[in-house]
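Residue numbers (the working numbering), protein chains in the order written: chain X, 875 to 1300; chain D, 41 to 156.
By construction, the Cβ of each residue, glycine as well, lies at the ideal position given by its N, Cα and C atoms.
Being a predicted model, the structure only gives us computed values, none of them experimental.
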């Protein structure tokens, strides 16, 4: 137990300031409007810096979240007073004071709900159709997640100034109006919620699948996607079966996050991973959401992907995995939207049922479309090695090595090639 | 046991570009040091001085003058202080040597408080 990996949930406690920063922005945006977004972000930063200058000396306040929201609100009022000298200011400030009466710190549960709702409104604004698709994930990370521009840039492997430009274009859209800060009407929910879930899906995948870039920030992306998805599941309007399916998928995946690499940081195949190392607490959460996802009529891609992840996570070991069920899920996914990459995964699962030789034949049908995809070559090499064609297998690994760009993957491939070399000699 | 004042000298850093994560990290380092000293019963107080404002006073009567300063752009200002208890300078230095101000500030000056 001592080496049990920490859960994503537990680690997220370590990012209090990021979370607080997103919460402050959401609360202030509700009170002052999205048009004030620029000064709101400055006020949030001011409040954090004030905390920095006070807390190390005077100790932590009893309720840091409430303290920060109160201080950032005052900082924002100061800025507005400084910028404006009109008579309307007094009425504006009175209106703000009235609106902030509801920030009742005395009732922590009510307070938490209120802040949670404010964050949901902000998520919907960041994923609004008026915001460019490729900016939505970054904007959500910035405004809701409290990530710094440099952190987002390093996660997406782009330059910080390019990321800053993309974000300021997106924020301009928010300030210009046309984007309401609201939880959409039930009639609009399906489409608007789909956009939000897609953004969280991309956020999680960005952190989960790539192995380049800043490792720590990437793990944080997964945690943030999980945190926001849980906010959505907890709300009556947004907690749909589909949202639960996505949450289940996230938790199943994160349960095996730390077992994907060995101690040297090298990649491990699913069959090489130590299942006893999978995070039990995350699995419990996953099962909970998985059960809740089954309550509606709708079957989404997330349901199917969660079910595949569940089959892997719940198998007592790799060879006892329920492969026919996984193949069935891939078939259903393919009917919904065909993709050669999903087909590759389907064939790998199918070969566990039908045998490696048949799998290899199936794989050849994809070679036109996928021969330049390194994982296609890896799968092919794996199959070839299994039926004893080590020379061919080695060539497929070499081809994968010629395509793969990132270092952990290249290390993995070189190790495989060396390993096969020993085989063909003995 | 004597009291020693740790005068925290710094060039005020620009925190406007610090990430929330970075700010939290910095606070945590100060807090951990402060707690360590407090738990050993050696912390007697501390405060941050505001980076903005400040006045110089001089003279008496007709010569009494007030001027603004030190300005935040000044190379080095007194940013704050911690008060600690120690048996002697050696122990005071030992307690202060891993204070995060040495990482984020310019330097620490230690002065023993004159016993009354």
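Supposed contact pair residue j and residue i - C-beta distance, whole angstroms, cut 8 Å
i              : j              : result
residue 994/X  : residue 1112/X : 6 Å
residue 1123/X : residue 1176/X : 6 Å
residue 1249/X : residue 1271/X : Rounded, the Cβ-Cβ distance is 12 Å, inconsistent with contact.
residue 56/D   : residue 919/X  : 6 Å
residue 68/D   : residue 124/D  : In fact, because the Cβ distance is near 20 Å, the residues do not count as touching under 8 Å.
residue 889/X  : residue 1153/X : About 18 Å separates the two Cβ atoms, so there is no contact after all.
residue 1178/X : residue 1206/X : 6 Å
residue 1160/X : residue 1187/X : 7 Å
residue 153/D  : residue 43/D   : 4 Å
residue 1053/X : residue 1012/X : About 16 Å separates the two Cβ atoms, so there is no contact after all.
residue 61/D   : residue 1022/X : 7 Å
residue 894/X  : residue 944/X  : Actually they are not in contact, since the Cβ atoms of residue 894/X and residue 944/X sit about 12 Å apart, beyond 8 Å.
residue 47/D   : residue 139/D  : Incorrect: roughly 12 Å between the Cβ atoms, too far for contact.
7 Å Cβ shell around residue i - same chain, five flanking residues per side excluded
i              : result
residue 1172/X : 1115 and 1116
residue 1223/X : 1197, 1200, 1201 and 1204
residue 916/X  : 953
residue 1006/X : 1044
residue 142/D  : 148
residue 87/D   : 120 and 121
residue 1237/X : 1221, 1253, 1254 and 1257
residue 1296/X : none
residue 89/D   : 118, 119 and 120
residue 1066/X : 998 and 1058
residue 1214/X : 1240, 1243 and 1244
Below-8 Å beta-carbon distance, residue i vs any chain D residue
i              : result
residue 1209/X : no
residue 919/X  : yes
residue 1030/X : no
residue 889/X  : yes
Cut-off 8 Å between Cβ atoms - residues of its own chain near residue i, not counting five sequence neighbours on either side
i              : result
residue 896/X  : 993, 996, 1017, 1018, 1019 and 1020
residue 1227/X : 1197, 1198 and 1201
residue 49/D   : 116, 117, 118, 119, 145, 146, 147, 148 and 149
residue 1060/X : 1111
residue 74/D   : 83, 86 and 122
residue 1004/X : 1047, 1052 and 1053
Closest by C-alpha distance to residue i, when choosing among the options
i              : options                           : result
residue 136/D  : 64/D, 70/D, 61/D and 60/D         : 70/D
residue 1156/X : 1109/X, 1127/X, 1148/X and 1165/X : 1127/X
residue 1048/X : 914/X, 1190/X and 931/X           : 914/X
residue 53/D   : 923/X, 909/X and 891/X            : 923/X
residue 94/D   : 101/D, 104/D, 108/D and 100/D     : 108/D
residue 1267/X : 1246/X, 1243/X, 1292/X and 1285/X : 1292/X
residue 18/D   : 77/D, 63/D and 104/D              : The shown model of chain D, from 41 to 156, leaves out residue 18/D, and the question about it has no answer.
residue 987/X  : 901/X, 1234/X and 1062/X          : 901/X
residue 941/X  : 950/X, 957/X, 921/X and 932/X     : 921/X
residue 1068/X : 1162/X, 1283/X and 1002/X         : 1002/X
residue 1042/X : 1219/X, 968/X, 1009/X and 1033/X  : 1009/X
residue 1075/X : 1100/X, 1053/X, 1208/X and 1046/X : 1100/X
residue 898/X  : 1070/X, 991/X, 1183/X and 1073/X  : 991/X
residue 1229/X : 1072/X, 1092/X, 1260/X and 1030/X : 1260/X
residue 934/X  : 59/D, 72/D and 129/D              : 72/D
Minimum Cβ-Cβ distance from residue i to chain X less than 8 Å
i             : result
residue 120/D : yes
Residue i: CB within 7 Å of a non-hydrogen atom of the ligand PLP
i              : result
residue 1295/X : Looking at this structure, you won't find the ligand PLP or any other ligand, since it has none at all.
Own chain residues within Cβ distance below 6 Å of residue i, not counting five before or after
i              : result
residue 1166/X : 1118
residue 1107/X : 1113, 1117, 1118 and 1121
residue 1098/X : 1019
residue 1125/X : 1156, 1159 and 1160
What are the residues in the stretch 921-932 of chain X lying within 7 Å of chain D by C-beta distance? 922, 923, 925, 926, 927, 928, 929, 930 and 931
Going along the chain, which residues of the stretch 54-74 of chain D sit with their C-beta nearer than 7 Å to a C-beta in chain X? 55, 56, 59, 60, 61, 63, 64, 66, 67, 70, 71 and 74
Taking a Cβ distance cut-off of 8 Å, strictly less, list which residues of the stretch 1008-1025 of chain X are near chain D, in chain order. 1020, 1021, 1022, 1024 and 1025
Against chain X: residues of the stretch 84-97 of chain D by CB proximity under 7 Å: Flagged, chain order: 86, 87 and 88.
Against chain D: residues of the stretch 891-907 of chain X by CB proximity under 9 Å: 891, 892, 893, 894, 895 and 896
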